[in-house]
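Sequence lines, in order, name chains A and B.
For the first sequence, our numbering begins at 142 and goes up steadily by one.
For the second sequence, our numbering begins at -1 and goes up steadily by one.
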Amino acid sequence: MSRYRGVKDIPEEEYVAPGSALCAGCGAEIIARHMLKVLGRDTIMVNVPGCYAISTLFPYTAVKVPYVFAVFGSGAAVAQGIRDGLDILREKRGVNNDRVNYKVVVYVGDGAAYDIGFQSTSAAIHRNLDFYFVCYDNEAYGNTGFQLSGATPYASMTSTSPPLGDSVGNEYGKKDIFEIWRAHRAPYVATISVSHVTDMLNKFEKAKEFRGPKLFVALSICPTGWGASQEDTVRIARLAVETGMWPLKEAVYGEVKHTFIPRRLKPVEEYLKTQRRFRHLFKPVRRDEEISRIQREVEEYWRRVWEKELNR
Amino acid sequence: MYRFRFHGRGGQGIKTASRIFSTAAFLEGFYAQDFPMYGPERRGAPVAAYVRVSHEPIVIRGYINKPDVVVVGDETLLYDPVADPLRGFGGGVLFVNTPLNPNLSVDGEVVTLDLTGLALEHIGRSGAISAGVGAVACKIAGFSESSMVDAVVRELEEIGLPDELIEKNVVVAKESYRGVPSFDLDSLPSLSESDFLETDIVHVRLDEGEVGIATIANLGNSAVRKTGNWRILKPIVDYSKCTGCKICFAYCPDVSIHMGEDGKAHIDYDHCKGCLICSSVCPFKAITMVREVKVM
């Protein structure tokens, strides 16, 4: 079905305008652009507090499709209201389907996906709501000063997990939201990365085939919070995929398939060293125990994948 | 009491500069209070920080609406309606970081210095101006150079900069300190209590939902806002090398690259924030960058 073979095939139409106040080099903007390019004009975007909310600061908006701003915890609940409203107009009021045939997409950060909005999302998936839920995951509450979230990876520094003394920064691991959503038996669940645009476009295109919840979690580089150079957004995202730390995969009715399988993993160090949030693992003294723990977890994951999907 | 207001763009270290200044004030034997503006954090967007310095304990809180000294870290903010650094300013000292020699008609003393140039020369990063901005404020207030250097080292150590980078920052700080004059702030007209109590709060009437909800009818109207002045380095396409591969177009976060009829990449400088992702992803190294000096 693969419709997009490379960046040459990226649709020209833009549904995001320039001039928003998001940080220079923001990953969430790149994802929003491509998401709307595939989903198209007939999309209603639901947004909640988070970085991307800055795309729309009254009286300006950078989003060129209908956009609703909801409270933090209720993105998916508002999507349910919109979807039901449109369906009622068609079924009970006899409104022509062309006028209500919108896709509803909830575009939120990891705070709203993993933590604060988790309940309403889980409930919407449970009710088999026909919607898209796309999380731009920058692994912390980036908009308010980079506080710890359920998506923050092990050993990351955040403003609420400073690596003082013997502390490693974040002592907890990252929630596996992909598996949590998959356990809901949603029709389509996928991970995407800012660096792999063609993969991203194809996954949004494929999701259109399904009726019900279509869930995406996107690695979204945050130069400001991660302490990285803004021009390195794409390079860091690519390293996350090539070191195996961010697997690109999809699950159709629970059946997992990886869309990019590295034959050999780059050392995780190459990824960690690009960001100030992991600097305490290397300076003033190198913390081999923590680095090898991260490496080991990545290797164990891929060993299982290689066995299952490559019979290796 | 002296009231200092610092303006800059997120990522330039304006908050750190305000901390350097207030730490130096503390070392000089003053009471000091510093705090940044609270808002959505984003690199490149206008930010402000506030410092009060006094011989007496400071009991007042809140934003500074009538500053004695305004320190502007980014020249493009001078007439920015959102940042509005000249708001409430009159009769004091205005510092602007710029290589130009602007002829500003403001009520007060104007001081300029090219801090960005100093940062590029000694640190190699155009955004690293926190030490310079802090040092300039210290000099304007008449603090000693040793207190200033001590404050720079303390604050930069606290944010975890490596030693060699701190040393480079000290060099920038000293040069900045020596590059501006000192002022007798005690001679400024002192402000009455009522000036502090001014607020910008607007009381909004509670309306019915249909009336009261903020609605924007013109989708994509953010394009009227020119984010091009966020840029410090400007990407430039070398058309002899550009093959029109669309990779920069794919990765531009700000929709500021479009493919022209000639099949090549064109940059919209009104909106390009200068993140330079395009330059880093170009497989043909066709996008170079130059420092940009904007006209005020």
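Even for Gly, the Cβ is constructed at its ideal location relative to N, Cα and C.
Spatial distance of residue i from residue j (CA atoms)
i, j, result
"P79 of chain B", "T332 of chain A", "41 Å"
"M294 of chain B", "H256 of chain B", "For M294 of chain B, the pLDDT reaches just 44, beneath the cut-off of 50, and the residue's location in the model is therefore unreliable, although a value from the coordinates is still provided. Their Cα atoms are separated by approximately 27 Å."
"M(-1) of chain B", "R289 of chain B", "39 Å"
"K137 of chain B", "V179 of chain A", "56 Å"
"S196 of chain A", "A162 of chain A", "6 Å"
"E411 of chain A", "S297 of chain A", "15 Å"
"R434 of chain A", "Y295 of chain A", "9 Å"
"Y273 of chain A", "D256 of chain A", "18 Å"
"Y29 of chain B", "I127 of chain B", "25 Å"
"R146 of chain A", "F247 of chain B", "16 Å"
"M186 of chain A", "P207 of chain A", "6 Å"
"V446 of chain A", "A327 of chain A", "21 Å"
"E54 of chain B", "P425 of chain A", "40 Å"
"P408 of chain A", "R323 of chain A", "28 Å"
"V393 of chain A", "Q436 of chain A", "28 Å"
"D307 of chain A", "K232 of chain B", "42 Å"
"M35 of chain B", "T14 of chain B", "13 Å"
"E431 of chain A", "K414 of chain A", "13 Å"
"K355 of chain A", "E170 of chain A", "20 Å"
"A359 of chain A", "I377 of chain A", "14 Å"
"T293 of chain A", "D429 of chain A", "20 Å"
"P281 of chain B", "G88 of chain B", "52 Å"
"L380 of chain A", "E346 of chain A", "25 Å"
"Y248 of chain A", "R174 of chain A", "12 Å"
"A211 of chain A", "V170 of chain B", "46 Å"
"L227 of chain A", "V241 of chain A", "5 Å"
"L289 of chain A", "M287 of chain B", "35 Å"
Option nearest residue i by Cα separation, candidates the options
i, options, result
"D450 of chain A", "A:K390, A:R434 and A:H421", "Position check: residue 450 of chain A holds Glu in this sequence, whereas Asp was assumed. For the residues A:K390, A:R434 and A:H421, the minimum Cα distance to E450 of chain A belongs to A:K390."
"F351 of chain A", "A:D271, A:G226, A:C164 and A:R453", "A:D271"
"E155 of chain A", "B:D252, B:A126 and B:L118", "B:D252"
"V134 of chain B", "B:A117, B:R152 and B:L113", "B:L113"
"I151 of chain A", "A:A165, A:I172 and A:G166", "A:I172"
"G140 of chain B", "B:P160, B:P83, B:G158 and B:V178", "B:V178"
"E259 of chain B", "B:I58, B:I275 and B:T241", "B:T241"
"C243 of chain B", "B:Y175, B:A263, B:G88 and B:N227", "B:A263"
"Q10 of chain B", "B:H269, B:A117 and B:P97", "B:A117"
"S277 of chain B", "A:A281, A:I318, A:V375 and A:R405", "A:V375"
"E173 of chain B", "B:L186, B:A23, B:E162 and B:V147", "B:V147"
"L111 of chain B", "B:K64, B:K239 and B:P97", "B:P97"
"L406 of chain A", "A:F319, A:P388 and A:Y248", "A:P388"
"Y201 of chain A", "B:K239, B:M287 and B:N216", "B:N216"
"P83 of chain B", "B:N99, B:N63, B:N101 and B:P100", "B:N63"
8 Å contact criterion, which residue i and residue j should meet: CB distance rounded
i, j, result
"V131 of chain B", "L92 of chain B", "In fact, because the Cβ distance is near 13 Å, the residues do not count as touching under 8 Å."
"K271 of chain B", "R229 of chain B", "6 Å"
"A203 of chain A", "S220 of chain B", "4 Å"
"C273 of chain B", "A194 of chain A", "Going by Cβ atoms, the distance from C273 of chain B to A194 of chain A rounds to 20 Å, so no, they are not a contact pair."
"V295 of chain B", "I285 of chain B", "Outside the shown range of chain B, which is -1 to 294, sits residue 295 of chain B, and nothing can be said about it."
"D32 of chain B", "A47 of chain B", "7 Å"
Short Cβ contact (9 Å threshold) for residue i with residue j
i, j, result
"C192 of chain A", "R7 of chain B", "no"
"V330 of chain A", "G168 of chain A", "no"
"G250 of chain A", "N279 of chain A", "yes"
"C276 of chain A", "F199 of chain A", "no"
"T400 of chain A", "N343 of chain A", "yes"
"H5 of chain B", "D72 of chain B", "yes"
"V279 of chain B", "Y249 of chain B", "yes"
"C363 of chain A", "G283 of chain A", "yes"
"S145 of chain B", "L25 of chain B", "yes"
"R152 of chain B", "T21 of chain B", "yes"
"F2 of chain B", "V45 of chain B", "no"
"E107 of chain B", "G86 of chain B", "no"
"G218 of chain B", "A158 of chain A", "yes"
"V70 of chain B", "V94 of chain B", "yes"
"V148 of chain A", "V338 of chain A", "yes"
"I18 of chain B", "A129 of chain B", "yes"
"G291 of chain A", "V189 of chain A", "no"
"G226 of chain B", "Y175 of chain B", "no"
Proximity test, Cβ basis, 9 Å: residue i and chain C
i, result
"N167 of chain B", "Chain labels in this structure do not include chain C; the protein chains are A and B."
Residue i CB to nearest heavy atom of the ligand FAD below 8 Å
i, result
"V393 of chain A", "In the structure on display, the ligand FAD does not appear, and there are no ligands present to speak of."
* Asked: Touching or not, the region 428 to 447 of chain A and the region 120 to 135 of chain B, by the rule of three or more beta carbon pairs under 8 Å?
  -> no
* If you pair each beta-carbon of the region 199 to 217 of chain A with each one of the region 229 to 241 of chain A, do three or more pairs fall below 8 Å? -> no
* How do the region 379 to 393 of chain A and the region 296 to 311 of chain A stand: do at least 3 beta-carbon pairs fall below 8 Å, yes or no? -> Contact between the region 379 to 393 of chain A and the region 296 to 311 of chain A is absent, because fewer than three Cβ pairs lie under 8 Å.
* Asked: For the 8 Å Cβ check, are there 3 or more pairs between the region 311 to 318 of chain A and the region 362 to 372 of chain A?
  -> no
* Asked: Taking one C-beta from the region 163 to 182 of chain B and one from the region 207 to 226 of chain B each time, how about it: are there three or more such pairs within less than 8 Å?
  -> no
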